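Taking it in order: structure first as structure tokens, then the write-up.
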Amino acid sequence: MKGWKTTLTAVVAVSFGVATAAFASAAGGHEAAGLPWKDFFLRLMNFAIMVAILIKLLKKPVANFFSSRRENIQRLLTELEEKKKEMEAKAAEYQAKLAALDQETEQILAEYIQEGEAEKQKIIEAAEKEAHYIKEQARFAIQQEIKAAKESLQEEIAELSVNAAEDLLKKSIRPEDQDRLIDEFITKAVEAK
Numbered sequence: 125m126k127g128w129k130t131t132l133t134a135v136v137a138v139s140f141g142v143a144t145a146a147f148a149s150a151a152g153g154h155e156a157a158g159l160p161w162k163d164f165f166l167r168l169m170n171f172a173i174m175v176a177i178l179i180k181l182l183k184k185p186v187a188n189f190f191s192s193r194r195e196n197i198q199r200l201l202t203e204l205e206e207k208k209k210e211m212e213a214k215a216a217e218y219q220a221k222l223a224a225l226d227q228e229t230e231q232i233l234a235e236y237i238q239e240g241e242a243e244k245q246k247i248i249e250a251a252e253k254e255a256h257y258i259k260e261q262a263r264f265a266i267q268q269e270i271k272a273a274k275e276s277l278q279e280e281i282a283e284l285s286v287n288a289a290e291d292l293l294k295k296s297i298r299p300e301d302q303d304r305l306i307d308e309f310i311t312k313a314v315e316a317k
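Going by our numbering, the sequence shown opens with residue 125, and the numbers climb by one from there.
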């Protein structure tokens, strides 16, 4: 900031000096005929002095300005380059994380599919065992029903046979046969005791 104040002061002073010289040369108004060499030479010298003063006054501030400007630009470029590298590193890191996330997602999905298949197999095996158990139970129940039906039929056949034999005996037995059978039964019953 201090360099700018010095530069501005120098520019104002030089401009004031140039303006004063211009007014002084225009106020003379008396020129000789032909080329005004003296006037031209004075103006040229005035210009050279003004340029020398400007160079003397502005050389260091302008050099400092451009030097500091170059340093600032260089520093900004370095910072931007560092930030660019950081951003590229972060981008690469995020890309790696995304790739790992994709891979992890695929792995989790594969695990769930594998677990689902295992669970499906367990369910199928349990259903097959249950179906086998139900078949065995049904087979056992059918065998028991058949056995009970056979026994019931045998009892019914025996009962019908006894009834038929009784009816047959009642029709074919005579009273003397009946007395003889009673005597035999009583004799056997007494002997059995």
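Built from N, CA and C at the ideal position, the CB exists for glycine as well. None of these values were measured; they are calculated from a predicted model.
How many angstroms separate the CA atom of A223 from the CA atom of Q231?
Counted from its first residue, the sequence shown places residue 223 at position 99. Counted from its first residue, the sequence shown places residue 231 at position 107. Cα-Cα distance, rounded: 12 Å.
With a Cβ-Cβ cutoff of 8 Å, do P185 and T133 count as a contact?
Here residue 185 corresponds to residue number 61 of the sequence shown, with the count starting at 1. Here residue 133 corresponds to residue number 9 of the sequence shown, with the count starting at 1. Result no, Cβ atoms of P185 and T133 do not sit closer than 8 Å.
Kindly indicate the opening and closing residues of the alpha helix (DSSP H) around P160.
Indexing the sequence shown from 1 puts residue 160 at position 36. Careful: P160 lies outside any alpha helix (DSSP H) and carries neither H nor E.
Helix, strand or coil for I173? Go by DSSP, reduced to three states.
Position 49 of the sequence shown, counting from 1, holds the residue named residue 173. Looking at I173 - three-state DSSP - the assignment turns out to be helix.
Please report the residue range of the alpha helix (DSSP H) in which R304 lies.
As a working mapping, residue 304 is identified with position 180 in the sequence shown. Note, R304: alpha helix (DSSP H), P299 to A316.
Measuring straight from C-alpha to C-alpha, what distance separates Y257 and I247?
The residue given as residue 257 occupies position 133 in the sequence shown. The residue given as residue 247 occupies position 123 in the sequence shown. Taking the straight line from one Cα to the other gives about 15 Å.
Span separating the alpha-carbon of E228 from that of K221
For this step, residue 228 is matched to residue 104 along the sequence shown. For this step, residue 221 is matched to residue 97 along the sequence shown. Distance between the alpha carbons of E228 and K221: 10 Å.
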